[in-house]
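Chains F and X, in that order, are what the protein sequence lines are.
Under my numbering, the residue at position 77 of the first sequence is numbered 60, and the numbers go up by one with no gaps.
Under my numbering, the residue at position 67 of the second sequence is numbered 56, and the numbers go up by one with no gaps.
Written below as structure tokens is the structure these notes are about.
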Amino acid sequence: AQSVAQPEDQVNVAEGNPLTVKCTYSVSGNPYLFWYVQYPNRGLQFLLKYITGDNLVKGSYGFEAEFNKSQTSFHLKKPSALVSDSALYFCAVRDPRYGQNFVFGPGTRLSVLP
Amino acid sequence: NAGVTQTPKFQVLKTGQSMTLQCAQDMNHEYMSWYRQDPGMGLRLIHYSVGAGITDQGEVPNGYNVSRSTTEDFPLRLLSAAPSQTSVYFCASRRTGTHEQYFGPGTRLTVT
């Protein structure tokens, strides 16, 4: 079965510093990996995806993610954090068991401190 | 486009009551899905549909029914609400052959 893990419930970072939100995955076959962000009282918004190709994927709002096959990781990164980046971040993998819908990780709450 | 819309935004039910959560999308997407979000558990798939007239179960389908009579609408029915169904419910849609799902704003349901 496909699964993703997000080992940190909470990440705190100072504004202007680089941020990393971690995700590891377990899949059979090639992974289709995604990052979504959820702002308070809102639905999820797509940030970026890895399907194939370059291991460094660029997405919305200055975020990027690095796919590492040997470490089965797909960490989300941003060179310089903004207070407005504070939100709940979800890593997800597509699961062929459910019509290619997503299996989500538990989420990581990012707080960017001014 | 309005995207994915959900009604109501909030709902309180008593144990044993039934209700329908509405979801509609105006993007002509074939795929639609229902997820529930619980603290520390991420989102879990309840039911999904790959097109009008076709539905299937996800990871946590018990206690929920769905139907898909049109491309636009995908209602979720709770037949007999239980406190364990207290959650935030999200509807999502996507176009066949694409990967990105579009999510609605959610319905916060409390069952007492």
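The beta-carbon is built from N, C-alpha and C at its ideal position, and this holds for glycine as well.
Remember, it's a predicted structure, so these values are computed and weren't measured experimentally.
Cα-Cα separation between residue i and residue j, rounded to whole angstroms
i	j	result
Asn51 (chain F)	Ser82 (chain X)	29 Å
Pro89 (chain F)	Gly36 (chain F)	27 Å
Val55 (chain X)	Arg66 (chain X)	6 Å
Phe73 (chain F)	Tyr19 (chain F)	5 Å
Gln26 (chain X)	Gly42 (chain F)	24 Å
Ser26 (chain F)	Lys5 (chain F)	Sequence check: residue 26 (chain F) is Gly here, not Ser. In a straight line, the C-alpha of Gly26 (chain F) is about 21 Å away from that of Lys5 (chain F).
Glu86 (chain F)	Arg77 (chain F)	With the sequence shown as reference, residue 86 (chain F) is identified as Val, and Glu is not the correct amino acid for it. The alpha-carbon atoms of Val86 (chain F) and Arg77 (chain F) are separated by roughly 6 Å.
Glu89 (chain X)	Tyr15 (chain F)	11 Å
Val66 (chain F)	Pro97 (chain F)	6 Å
Thr7 (chain F)	Tyr33 (chain F)	13 Å
Ser56 (chain F)	Glu49 (chain F)	8 Å
Val(-4) (chain F)	Phe92 (chain X)	28 Å
Asn17 (chain X)	Asn(-10) (chain X)	11 Å
Pro23 (chain F)	Leu93 (chain F)	12 Å
Ser63 (chain F)	Ser69 (chain F)	13 Å
Arg14 (chain X)	Ile43 (chain X)	It is Gln, not Arg, that sits at residue 14 (chain X) in the sequence shown. Straight-line Cα distance between these residues: approximately 17 Å.
Phe17 (chain F)	Gly86 (chain X)	16 Å
Asp45 (chain X)	Glu(-2) (chain F)	44 Å
Thr101 (chain X)	Gly12 (chain F)	43 Å
Segment limits, beta strand (DSSP E) that includes residue i
i	result
Lys3 (chain X)	Element bounds for Lys3 (chain X): n/a, residue is neither H nor E.
Phe85 (chain F)	Asn84 to Phe87
Ala70 (chain F)	Ala70 to Asp78
Tyr8 (chain F)	Thr7 to Ser9
Tyr53 (chain X)	Tyr53 to Val55
Ser82 (chain X)	Ser76 to Arg83
Ser104 (chain F)	With chain F covering only -16 through 97, there is no way to say anything about residue 104 (chain F).
Tyr33 (chain F)	Leu27 to Tyr33
Met8 (chain X)	Met8 to Gln14
Phe50 (chain F)	Glu47 to Asn51
Val(-7) (chain X)	Val(-7) to Thr(-4)
Leu98 (chain X)	Thr96 to Val100
Tyr19 (chain F)	Leu16 to Gln21
Beta bridge counterpart(s) of residue i as assigned by DSSP
i	result
Leu34 (chain X)	X:Tyr24
Ala41 (chain X)	DSSP output for Ala41 (chain X) lists no bridge partner at all.
Leu68 (chain X)	Per DSSP, none; premise fails for Leu68 (chain X).
Ser(-14) (chain F)	F:Ser9
Tyr44 (chain F)	In DSSP, Tyr44 (chain F) forms no bridge with anything.
Ser94 (chain F)	F:Asn(-5)
Amino acids of chain F, ordered along the chain, whose beta-carbon sits closer than 9 Å to that of residue i
i	result
Glu89 (chain X)	Phe17, Phe29 and Lys32
Contacts of residue i in chain F (Cβ-Cβ under 7 Å)
i	result
Pro94 (chain X)	Arg25 and Gly26
Contact set between residue i and chain F, taken where Cβ atoms lie within less than 8 Å
i	result
Gly47 (chain X)	Tyr81 and Asn84
Phe79 (chain X)	Gly26 and Leu27
Under 9 Å by beta carbon: chain X residues contacting residue i
i	result
Phe87 (chain F)	Tyr24, Gln26, Met30, Gly31, Leu32, Arg33 and Leu34
Gly12 (chain F)	The contacting residues do not exist; Gly12 (chain F) stays about 15 Å from chain X at best.
Interface partners of residue i on chain X, CB under 7 Å
i	result
Gly90 (chain F)	Gly31
Per-residue contacts from residue i into chain X (C-beta, under 8 Å)
i	result
Phe73 (chain F)	Gly31 and Leu32
For the segment 21 to 44 of chain X, which residues have a CB atom closer than 7 Å to at least one CB atom of chain F, in sequence order? Ser22, Gly29, Met30, Gly31, Leu32, Leu34, Tyr37 and Val39
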